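K.L.:
Once you've had a glance at the structure underneath, I'll fire off some questions.
Chains as they are written, first to last, in the working numbering: chain A, 31 to 371; chain B, 88 to 374.
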């Protein structure tokens with residue numbers, strides 16, 4: 031396994047998708063709405079792929095992505111507003127702030143062996159706690175929207191007039207996160223996480239420190255979410271406590287679940303299909319009745335969960351294998367469901 | 088000062104008993120079926136809107152609206168169970184979570200379509216008003232709501248302990264396979280459980296509408312509140328549920344009175360997180 035260069039371990043389809051994605055802005059250059067859409071898809075894909083590390087692999091149903099995104103956004107935003115520090119740096123600092131918070135929360139949470147629904151609910155509550163705290167914290171804006179300065183050099187203040195640069199930055203983040211997912215999955219940490227997602231006690235007996243493994247997964251996930259949060263603030267151009275969103279946190283977890291728990295490309299596939307479907311519905315139905323697109327979207331989510339409980343990624347993967355077989359190029363020694371354990 | 092404290096405690100106790108009633112529906116669904124219902128708070132929201140509709144169309148008092156909304160919500164719960172949950176019971180809990188989250192989005196956006204984003208409230212209820220006891224101001228609406236809530240919690244306790252269906256529910260909660268062998272039809276038992284869980288939110292919705300307004304996202308608050316009460320109480324103890332409801336209600340009013348009205352949920356969440364960390368089975372949990 032180790033001897034292979036990493037590009038050989040990536041499916042060809044992924045490289046094609048990345049290549050196609052990189053060309054998207056050229057096609058939509060004049061269409062800002064399409065750029066907003068694809069950037070949103072990427073944003074959700076990055077977050078859901080990061081969630082896959084703690085949620086999919088380790089089986090910890092984390093609903094706190096909004097907390098880490100919000101912390102990252104407020105860190106990067108406040109650094110830029112107060113001290114004119116570039117968000118490039120602010121994003122990293124935001125990532126570390128989010129990681130610090132994750133350690134603060136994760137250490138007792140995993141130490142007291144809080145699991146399943148209770149873990150989900152505590153993490154969800156944390157988002158709301160942070161939202162209220164930031165609502166009352168007037169030094170960073172309180173309930174008002176605080177705007178990020180545009181600055182003279184858009185590359186310094188990361189404030190662009192178009193979505194294209196954000197799209198590319200997000201695409202780079204996505205590739206990094208997917209690669210990270212891939213690496214973790216084939217590492218000692220990844221095996222520990224996957225195993226403890228199945229049966230924690232058995233893993234402990236085998237000598238794996240499950241608390242440390244979960245904490246590591248949580249830290250990685252929080253760091254990525256914090257970095258994305260910094261970028262999030264720049265894209266929207268303001269800071270507001272509503273960034274600590276329980277709805278967004280739940281949605282990211284749902285993308286991870288319906289994509290296929292623990293499958294590297296699951297969240298990406300789910301984000302591409304579901305987020306663009308939702309935005310398409312919003313565009314086509316939003317004008318007639320506010321909220322109608324969400325009804326359709328919710329019905330779709332329910333149907334996937336009911337009839338495809340292992341996620342849509344195995345479906346897509348099987349389709350991909352069929353296409354390969356059709357064009358007469360089949361990989362050897364790889365059963366069709368190797369990715370979906 | 089002492090008067091303010093007593094005042095807060097009394098208001099908190101009365102609100103807390105209503106919270107206990109809301110959490111009771113969640114508690115029996117989670118306890119009996121082991122289903123994580125993320126949409127529970129939105130059932131409350133839906134109930135409140137239905138009470139609003141019944142109250143405006145029929146010109147009924149909010150307190151009387153459960154006469155209509157309770158059967159409606161019961162049927163809604165049973166249908167939801169058979170349509171969505173029955174076939175996924177043996178799946179991972181994340182699948183049920185995904186389904187109930189889908190249901191939550193569905194109910195919330197349906198409410199947004201039907202009733203728009205403005206908050207809705209009913210006319211003054213006949214239980215509106217207040218009286219004074221020893222310098223303490225008591226809101227009649229809260230007192231009546233708390234009394235009715237206690238009544239319903241008592242009725243559920245009677246149902247669970249004294250009737251065949253209730254015993255079947257408890258048996259299914261303890262050991263589903265053994266209960267099935269003893270002739271408990273678990274599909275029907277679970278449908279009944281989910282129906283009752285939904286119907287209880289209709290009672291609470293009617294009571295809440297007598298002194299509160301409702302909006303499409305109001306369910307979030309009730310959902311997390313009832314999970315908090317449930318975490319505090321643990322499963323299987325009705326008196327524990329009432330006491331936990333009261334603790335949550337008092338914590339909420341204390342946060343409003345002594346800290347900041349915006350922080351009302353903060354105190355609740357902090358209790359929630361601390362209890363989960365320190366006493367994961369709850370204060371009164373049987374298991």
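Backbone N, C-alpha and C fix where the C-beta goes; we use that ideal spot for every residue, glycine too.
Source: prediction; values computed, not measured.
1) Does the distance from the CB of residue 340/B to the CB of residue 93/B come in under 7 Å?
2) Output, in chain order, the set of chain C residues within a Cβ distance shorter than 8 Å of residue 178/B.
3) Check for me: the beta strand (DSSP E) holding residue 145/B runs from which residue to which?
4) According to the Cβ coordinates, are residue 280/B and residue 256/B closer than 7 Å?
5) For residue 146/B, which of 159/B, 209/B, 104/B, 173/B has the nearest alpha-carbon?
6) Quick check on this structure: which residue in 338/A, 138/A, 311/A, 69/A has the alpha carbon closest to the alpha carbon of residue 201/A?
7) Would you identify the three-state DSSP class for residue 177/A, choosing helix, strand or coil?
8) Along chain A, which residues have their Cβ under 8 Å away from the Cβ of residue 350/B?
9) Between residue 186/B and chain A, is any beta-carbon pair separated by less than 7 Å?
10) Tell me, please, which residues DSSP counts as bridged to residue 161/B.
11) Check this for me: beta carbons of residue 135/B and residue 230/B, under 7 Å apart or not?
12) For residue 142/A, go through chain B and note every residue whose CB falls closer than 9 Å to its CB, in chain order.
13) Could you spell out where the alpha helix (DSSP H) holding residue 337/A opens and where it closes?
14) Would you grab the beta carbon distance between residue 97/A and residue 137/A for me? Rounded to a whole angstrom, and I think it's under 8 Å.
15) Nearest CA to the CA of residue 174/A: which residue from 198/A, 209/A, 165/A?
16) Find the residues of chain A that neighbour residue 174/B, judging by a C-beta separation of less than 8 Å, and give them in chain order.
17) Check residue 299/A in the structure and name its three-state DSSP category.
18) Can you tell me which of 284/B, 219/B, 184/B, 126/B puts its alpha carbon nearest to the alpha carbon of residue 160/B?
19) Please state the DSSP three-state secondary structure of residue 331/B.
20) Please report how far the alpha carbon of residue 140/A lies from the alpha carbon of residue 245/A, in whole angstroms.
21) To the nearest angstrom, how far is the alpha carbon of residue 355/A from that of residue 157/A?
22) Quick one: what does DSSP say residue 74/A is sitting in, helix, strand or coil?
23) Report back the beta-carbon spacing between residue 108/B and residue 290/B to the nearest angstrom; my notes put them in contact at under 8 Å.
24) Under the rule that 16 or more other beta-carbon atoms within 10 Å means buried, what is residue 269/B, buried or exposed?
25) Cutting at 7 Å between CB atoms, please list the residues of its own chain near residue 224/B, excluding the five before and the five after it.
26) Just checking: is the beta-carbon of residue 123/B within a distance shorter than 7 Å of some beta-carbon in chain A?
27) Considering only residues of the region 169-248 of chain A, which uninterrupted alpha helix (DSSP H) runs meet the minimum length of 4 residues and lie entirely inside it, listed in chain order?
28) Using the rule of at least 16 other Cβ atoms within 10 Å of the residue's Cβ for burial, across every protein chain shown, is residue 265/B buried or exposed?
29) Listed in chain order, which residues of the region 321-335 of chain B have Cβ atoms closer than 8 Å to some Cβ of chain A?
30) Would you tell me roughly how many angstroms separate the C-alpha atoms of residue 114/B and residue 150/B, rounded to the nearest one?
31) Under three-state DSSP, which class holds residue 309/B?
32) Residue 193/B touches chain A at which residues, Cβ-Cβ below 8 Å?
33) Note down, in chain order, all residues in the region 107-133 of chain A with a beta-carbon under 9 Å from any beta-carbon belonging to chain B.
34) Going by alpha carbons, who is nearest to residue 272/A out of 338/A, 190/A, 103/A?
35) Would you check if there are 3 or more beta carbon pairs closer than 8 Å linking the region 249-265 of chain A to the region 297-312 of chain A?
36) Within the 7 Å Cβ cut-off, does residue 106/B reach chain A?
P.N.:
Per the coordinate set shown:
1) For the purposes of this step, residue 340/B is identified with residue 253 of the second chain, where counting begins at 1. For the purposes of this step, residue 93/B is identified with residue 6 of the second chain, where counting begins at 1. Judged by their CB atoms, residue 340/B and residue 93/B are not nearer to each other than the 7 Å cut-off.
2) Note that chain C does not occur in the displayed structure, where the protein chains are A and B.
3) For this step, residue 145/B is matched to residue 58 along the second chain. In the DSSP assignment, residue 145/B falls outside any beta strand (DSSP E) and carries neither an H nor an E.
4) Numbered from 1 along the second chain, position 193 holds the residue referred to as residue 280/B. Numbered from 1 along the second chain, position 169 holds the residue referred to as residue 256/B. In this structure, residue 256/B lies closer than 7 Å to residue 280/B by Cβ.
5) For the purposes of this step, residue 146/B is taken as the residue at position 59 of the second chain. Minimum Cα distance to residue 146/B is reached at 209/B.
6) Indexing the first chain from 1 puts residue 201/A at position 171. Of 338/A, 138/A, 311/A, 69/A, the residue nearest in Cα terms is 69/A.
7) Reading the first chain from its first residue, position 147 is the one you call residue 177/A. Strand.
8) Here residue 350/B refers to the residue found at position 263 when the second chain is read from its first residue. Near residue 350/B (Cβ distances below 8 Å), the residues of chain A are 162, 166.
9) Taking the first residue of the second chain as position 1, residue 186/B is located at position 99. Interface residue, yes.
10) As a working mapping, residue 161/B is identified with position 74 in the second chain. Its beta-bridge partners do not exist; DSSP assigns none.
11) Working through the second chain from its first residue, we reach residue 135/B at position 48. Working through the second chain from its first residue, we reach residue 230/B at position 143. No. Outside cutoff.
12) Taking the first chain and counting its residues from 1, the one referred to as residue 142/A is at position 112. The contacting residues are 363, 364, 365, 367.
13) Walking along the first chain from the start, residue 337/A turns up at place 307. Start and end: 322-337.
14) What you label residue 97/A is simply residue 67 of the first chain in a count that begins at 1. What you label residue 137/A is simply residue 107 of the first chain in a count that begins at 1. The pair is not a contact, with the Cβ atoms about 15 Å apart (cut-off 8 Å).
15) Your numbering for residue 174/A matches position 144 in the first chain. Residue 174/A has its Cα closest to that of 165/A, out of 198/A, 209/A, 165/A.
16) Along the second chain, read from residue 1 onward, the residue named residue 174/B stands at position 87. Correct list: 336.
17) On the first chain, residue 299/A is found 269 positions in, with the first residue counted as 1. In the structure shown, residue 299/A sits in a helix (DSSP, three-state: H, G or I).
18) Numbered from 1 along the second chain, position 73 holds the residue referred to as residue 160/B. It is 284/B whose Cα lies nearest to the Cα of residue 160/B.
19) Taking the first residue of the second chain as 1, we reach residue 331/B at position 244. Helix, per DSSP.
20) The count along the first chain starts at 1 and reaches residue 140/A at position 110. The count along the first chain starts at 1 and reaches residue 245/A at position 215. Going by the C-alpha atoms only, they are around 7 Å apart.
21) Within the first chain, numbered from 1, the residue matching residue 355/A stands at position 325. Within the first chain, numbered from 1, the residue matching residue 157/A stands at position 127. Their backbone Cα atoms lie some 46 Å apart in a straight line.
22) As a position in the first chain, residue 74/A is number 44, starting the count at 1. Three-state DSSP puts residue 74/A in a helix.
23) What you label residue 108/B is simply residue 21 of the second chain in a count that begins at 1. What you label residue 290/B is simply residue 203 of the second chain in a count that begins at 1. The pair is a contact, with the Cβ atoms about 7 Å apart (cut-off 8 Å).
24) Residue numbering aside, residue 269/B sits at position 182 when the second chain is read from its first letter. So residue 269/B ends up on the exposed side.
25) Along the second chain, read from residue 1 onward, the residue named residue 224/B stands at position 137. Around residue 224/B: 94, 217.
26) Taking the second chain and counting its residues from 1, the one referred to as residue 123/B is at position 36. Yes, because at least one Cβ of chain A sits closer than 7 Å to the Cβ of residue 123/B.
27) 184-187, 194-215, 218-228, 230-235
28) Taking the second chain and counting its residues from 1, one reaches residue 265/B at position 178. Its Cβ having fewer than 16 others within 10 Å, residue 265/B is exposed.
29) none
30) Along the second chain, one-based indexing puts residue 114/B at 27. Along the second chain, one-based indexing puts residue 150/B at 63. Roughly 24 Å separates the two Cα atoms.
31) Counting from one through the second chain, the residue named residue 309/B turns up at place 222. Residue 309/B: helix per DSSP, three-state reduction.
32) Numbered from 1 along the second chain, position 106 holds the residue referred to as residue 193/B. Those are 324, 325, 328, 329, 332, listed as they occur along chain A.
33) none
34) Locating residue 272/A in the first chain gives position 242, where the first residue counts as 1. For residue 272/A, the nearest C-alpha among the options comes from 103/A.
35) no
36) On the second chain, residue 106/B is found 19 positions in, with the first residue counted as 1. Chain A contact via Cβ: absent.
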